[in-house]
């Protein structure tokens, strides 16, 4: 646990936080409406549960199983809080499928996407998309980060550990789910070891085996079991089996109490399983309950008889495997022999290692020479950007995922920057969820990576009209034994904290957006020992009191006015444009300044315009800059949108191309002409630079006139380039 | 009130939203597990087999569930003329049980095979348009060009050509995938799976047992309709403000017809 001290820098509290980091998943209360329609952080019983984890190394070695168990693990974390899981999304980083290791990378991409689809589709949890980026820095070490979102009432929160010493309470431990086998043996330690191919073959046995079908049945059984336990009115606890298997879960659920585990009672796939296997194997789809002994028979009956677990997978079921006591020790016996006898506290407390950190990086980015841009061909460059792996449509991946199951989904992947769900059928309340992560950020840029990930995730939910409500993070870094990685990690955490404080909880000026759950993944590096770039992935939960006020990114009506909300920049450092057009000098030059104060004002201006009902469609400016944002608003999810845009910009002394492609933070919004003047004054009140950039056209055409640059073309042609960008490497869609 | 049972097998995962959609359509809907006591099971006015992956799609999608004892309840309901609807995996179950198309009841006559269509491989999630032509049963008179989502990897109705000729002539293809202009769709993505005769649903001769691949419960509220959908339902979604967004979606009518059909049968008996 190399990162524990640093993580204390993150804000984790708030008036709406029910349970912050430390449990399997974080819990936040949803808002209720105040007298003026504002969001009150207290007074509602509805809660959202958020879990966020990585499954990087398993996915690199066995992409299908690794990605599938990644989903399986994170949903288990949310289920065991007592919640229903209503959505998942992923942040993925793959190597370059056209690069030196292209064939291997392509196999990993397909395996990971198939694994995510296989697990989520069969389990019946909608996938709300997320993020996918490609970069040769990830050739040897892909990233698979998964976020799960659940709902419950606050009173339904299930504790993960006994709150008493259980001296005379007569509590027992019941293990439910698949029979324990030797899969995933030593997985927890394996998941954060450096990868090389020899080790890979040796450690295959460490990969866990997913079973979404069984998990679906187990989830139905859990719902009935929890209803029974809640009805009893007696205290109980529930915990999923993840890292370190039964041994880990049993000691954690014991809290400060003691536990006698009878390993002979554990249901197994074969009779000859050793105590070591029974204690640490990471067999999937299992949970433990701590319940009063008198409730155990009925609890077991629900799993064994009502849901016939043994008919689904041979040997599956529910067994009473332990008794709690006040000894403060965890003991495990098998065949009358003691195999484990340790103080509970000794097992659950972790050692903290302080690794040295390199001094602050002073990476200097040169001022760009923009002179060359005057001679470039806009149409050609636009095709290059939309046709790259970074700029192309993600639809060929996302359409393999079931985004509609459960019937809550209102905005799907590709419809908007965030997924939007209506979790309660009789209520207008909507929740948005999105991830943000850095792209083209180098080592030494830890702070920027942290700040930009928070801002991106926040903008994604604001763009659909949802108020940022809570954050989670998964920090993917290289080896902590490398001082530069530790420095990047430390600076990144400062960046996350700075951005969370600056953006804050709307209506509560001094309250930072809290991080309610998090995960750190270290030892992400290439075979040669080169660390991946700092990759903090941030998820943002957004809330809206009425789904009827939320909007996706697609343009709605010809004649609407298009605005850029947020200041302009001509800095192209780190931009997709510079990369896609191979302008190395620009790629390494200065980046647009990320002003956190401006970031907050822009978000608040957009949300206020949503409150007033003036936003027709909106998307955030990110990869590809303002021009790509506007074009994707025409495209819709498959590039078949019926409307177009006429864009006009007087760029002053900056080359037009630089302004259009710079990834300066902000939003592009469409507003009805009758609301335009009011919208402009509202943005002025919020002190946000806002520029009218164009008008929505009644046909799918793109017309650009800015400075000396003019371009008139049909969008169908560009849409084809965009739609097929991933095709040759990932999944081919119809090449029309 | 019309009582509808939503059937759940191990691996079924669409029962909650299916029950919600039935309630919105005016039914009293109850989710019933595969091993529920069957004496009580025959008291419902209609049955819906919900979507998912029953028995993990082992052998073939729907094949194992189709052999379960609870299917006797559906056979009896079908014979009594009660509406029986299978959605997605539920459609696969009804086909595997020989309840659809049931030219010879109890015989498996068609298959829901793996999607096979130029331009896509495997599971596909997206929206399609349906052209309606039922003359009998609870789908008769359904409005045409209804948009609805699909989400499946094995949804291609297929069988021998003469058999599909018979089904076509007998009006047992009540819903087909359609292009924008209303014509039957052969190409992806308007036809998401390469189904014979663009069939999105098949029914038995009387029209009271329907195997339907698209998911009307995922289109039962307007907020579920994509903003980018062409046509009047897309336009309605794009213009909707506030509470309008929680009004009915294009799939609601299908469950309303099922409830009306159940009432009509109840009235006859």
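Residue numbers (our numbering), protein chains in the order written: chain W, 1 to 736; chain B, 737 to 1005. Even glycine gets a Cβ: it sits at the ideal position worked out from N, Cα and C. All values derive from a computational prediction rather than experimental measurement.
### Query
When the cut-off is 8 Å and only beta carbons count, does residue 756(B) lie next to chain W?
Walking along the second chain from the start, residue 756(B) turns up at place 20. Cβ-Cβ to chain W under 8 Å: yes for residue 756(B).
### Per-residue burial, residue 752(B) [other beta carbons within 10 Å of its own, 16 or more giving buried]
Your numbering for residue 752(B) matches position 16 in the second chain. Buried is the call here.
### Task
Could you pull out every residue in the same chain whose Cβ sits closer than 8 Å to the Cβ of residue 160(W), ignoring the five residues on either side in sequence?
Here residue 160(W) refers to the residue found at position 160 of the first chain. Same-chain partners within the cutoff: 23, 24, 80, 81, 237, 238, 239, 252, 253.
### Query
Taking 8 Å as the CB-CB cut-off, is residue 222(W) touching chain B?
Counting from 1 along the first chain, the entry for residue 222(W) is found at position 222. For residue 222(W), the answer is no, since every Cβ of chain B falls outside 8 Å of its Cβ.
### Query
How about residue 536(W): is its C-beta nearer than 8 Å to some C-beta of chain A?
No chain A is present in this structure, whose protein chains are W and B.
#### Entry: Those runs of the beta strand (DSSP E) which lie wholly inside the stretch 637-664 of chain W and span at least 3 residues
644-648
### Query
Where does the unbroken alpha helix (DSSP H) through residue 229(W) begin, and where does it stop?
Here residue 229(W) corresponds to residue number 229 of the first chain, with the count starting at 1. It spans 212-232 - the alpha helix (DSSP H) in which residue 229(W) sits, taken as one unbroken run.
### Message
Using only CA atoms, which one of 667(W), 630(W), 172(W) lies nearest to residue 718(W)?
### Response
Here residue 718(W) refers to the residue found at position 718 of the first chain. Cα-wise, what sits closest to residue 718(W) is 630(W).
### Query
For residue 549(W) and chain B, any beta-carbon pair shorter than 8 Å?
Residue numbering aside, residue 549(W) sits at position 549 when the first chain is read from its first letter. True, the Cβ-Cβ gap to chain B drops below 8 Å.
### Message
Restricting to Cα atoms, I'd like to know which of 645(W), 716(W), 302(W) is closest to residue 705(W).
### Response
Within the first chain, residue 705(W) is the residue found at index 705, counting from 1. The residue from 645(W), 716(W), 302(W) with its alpha-carbon nearest to that of residue 705(W) is 645(W).
### Query
Closer than 7 Å, Cβ to any Cβ of chain B: which residues of the stretch 427-448 of chain W, in chain order?
428
#### Entry: residue 981(B): contacting residues in chain W (beta-carbon distance under 7 Å)
In the second chain, the residue the question calls residue 981(B) occupies position 245. Correct list: 547, 548.
### Task
Can you say whether residue 633(W) is buried or exposed, counting buried as having 16 or more other CB atoms within 10 angstroms of its CB?
Along the first chain, read from residue 1 onward, the residue named residue 633(W) stands at position 633. That one is buried.
### Message
Going by beta-carbon coordinates alone, are residue 150(W) and residue 217(W) separated by less than 8 Å?
### Response
Here the question's residue 150(W) lines up with position 150 in the first chain. Here the question's residue 217(W) lines up with position 217 in the first chain. No, these two residues do not count as a Cβ contact at 8 Å.
### Query
Hey, would you say residue 513(W) sits closer than 8 Å to residue 609(W), going by beta carbons?
Within the first chain, numbered from 1, the residue matching residue 513(W) stands at position 513. Within the first chain, numbered from 1, the residue matching residue 609(W) stands at position 609. Going by C-beta atoms, residue 513(W) is not nearer than 8 Å to residue 609(W).
### Query
Is it the case that the Cβ atoms of residue 541(W) and residue 441(W) are separated by a distance below 8 Å?
On the first chain, position 541 is the one that residue 541(W) refers to. On the first chain, position 441 is the one that residue 441(W) refers to. Going by C-beta atoms, residue 541(W) is not nearer than 8 Å to residue 441(W).
### Query
Which stretch, first to last residue, makes up the beta strand (DSSP E) that contains residue 706(W)?
Within the first chain, the letter at position 706 stands for residue 706(W). Note, residue 706(W): beta strand (DSSP E), 701-706.
### Message
For residue 42(W), list the residues DSSP reports as bridge partners.
### Response
Locating residue 42(W) in the first chain gives position 42, where the first residue counts as 1. Residue 42(W) is not bridged to any residue.
### Residue of 588(W), 519(W), 393(W), 413(W) minimising C-alpha distance to residue 402(W)
Locating residue 402(W) in the first chain gives position 402, where the first residue counts as 1. Of the candidates 588(W), 519(W), 393(W), 413(W), the one whose C-alpha sits nearest the C-alpha of residue 402(W) is 413(W).
### Task
To the nearest angstrom, report how far apart residue 405(W) and residue 825(B) are at their CA atoms.
The sequence position of residue 405(W) within the first chain is 405, counting from 1. The sequence position of residue 825(B) within the second chain is 89, counting from 1. Rounded to whole angstroms, residue 405(W) to residue 825(B) spans 13 Å at the Cα level.
### Among 345(W), 106(W), 226(W), 267(W), nearest to residue 255(W) - alpha-carbon criterion
Locating residue 255(W) in the first chain gives position 255, counting from the first residue. Ranking the options by Cα distance to residue 255(W), first place goes to 345(W).
### Query
So what does DSSP say about residue 900(B), is it helix, strand or coil?
For this step, residue 900(B) is matched to residue 164 along the second chain. Three-state DSSP puts residue 900(B) in a helix.
### Query
For residue 628(W) versus residue 91(W), is the C-beta spacing smaller than 8 Å?
Translated into the one-based positions of the first chain, residue 628(W) becomes position 628. Translated into the one-based positions of the first chain, residue 91(W) becomes position 91. Against a cut-off of 8 Å, the Cβ pair of residue 91(W) and residue 628(W) comes out as no contact.
### Task
Answer with buried or exposed for residue 756(B), where buried requires no fewer than 16 other C-beta atoms within 10 angstroms of its C-beta.
As a position in the second chain, residue 756(B) is number 20, starting the count at 1. By the neighbour-count rule (16 or more Cβ atoms within 10 Å), residue 756(B) is buried.
### Task
Write down the C-beta distance between residue 496(W) and residue 536(W) rounded to the nearest angstrom, noting that I regard them as a contact closer than 8 Å.
The residue you call residue 496(W) lines up with position 496 of the first chain. The residue you call residue 536(W) lines up with position 536 of the first chain. Rounded, the Cβ-Cβ distance is 6 Å, consistent with contact.
### Task
Buried or exposed for residue 1006(B), please, with buried defined as at least 16 other CB atoms from any protein chain shown within 10 angstroms of its CB.
In this structure chain B extends from 737 to 1005, so residue 1006(B) is not present and cannot be described.
### Query
Expressed to the nearest angstrom, what Euclidean distance is found between the alpha-carbon atoms of residue 313(W) and residue 453(W)?
The residue labelled residue 313(W) in the question sits at position 313 within the first chain. The residue labelled residue 453(W) in the question sits at position 453 within the first chain. Their Cα atoms are separated by approximately 42 Å.
### Task
Count the other CB atoms, across all protein chains shown, that sit within 10 Å of the CB of residue 197(W); report buried if there are 16 or more and exposed otherwise.
Translated into positions along the first chain, residue 197(W) becomes position 197. Any answer about residue 197(W) is weak, because its pLDDT of 47 lies below 50 and its placement is not dependable; what the coordinates show is given next. Burial call: exposed.
### Query
Exposed or buried, residue 204(W), counting other C-beta atoms within 10 Å across all chains shown (16 or more means buried)?
The residue given as residue 204(W) occupies position 204 in the first chain. Caution applies to residue 204(W), whose pLDDT of 46 falls short of 50 and renders its modelled position unreliable; the model cannot decide the point.
### Task
Return yes when the Cβ of residue 985(B) is within less than 8 Å of the Cβ of residue 961(B), no when it is not.
As a first step, residue 961(B) must be located in the second chain, where it is residue number 225. As a first step, residue 985(B) must be located in the second chain, where it is residue number 249. Judged by beta-carbon spacing, residue 985(B) lies within the 8 Å limit of residue 961(B), meaning their Cβ atoms are closer than that value.
### Message
With a threshold of 8 Å, are at least 3 pairs of Cβ atoms found where one atom belongs to the stretch 950-959 of chain B and the other to the stretch 880-890 of chain B?
### Response
In short, these stretches touch, since the Cβ pair count reaches three.
### Three-state secondary structure (DSSP) of residue 618(W)
As a first step, residue 618(W) is located in the first chain; it is residue number 618 there, counting from the start. Of the three classes helix, strand and coil, the one that applies to residue 618(W) here is strand, per DSSP.
### Message
Under 8 Å: do the stretch 846-864 of chain B and the stretch 927-947 of chain B share three or more Cβ pairs, one atom per stretch?
### Response
yes
### Query
Taking the runs of the beta strand (DSSP E) that are 3 residues or longer, which of them lie wholly in the stretch 510-542 of chain W?
515-521
### Task
Would you identify the three-state DSSP class for residue 572(W), choosing helix, strand or coil?
Looking up residue 572(W) in the first chain gives position 572. Coil.
### Query
Taking contact to mean at least 3 C-beta pairs separated by less than 8 Å, is the stretch 760-775 of chain B in contact with the stretch 101-118 of chain W?
no
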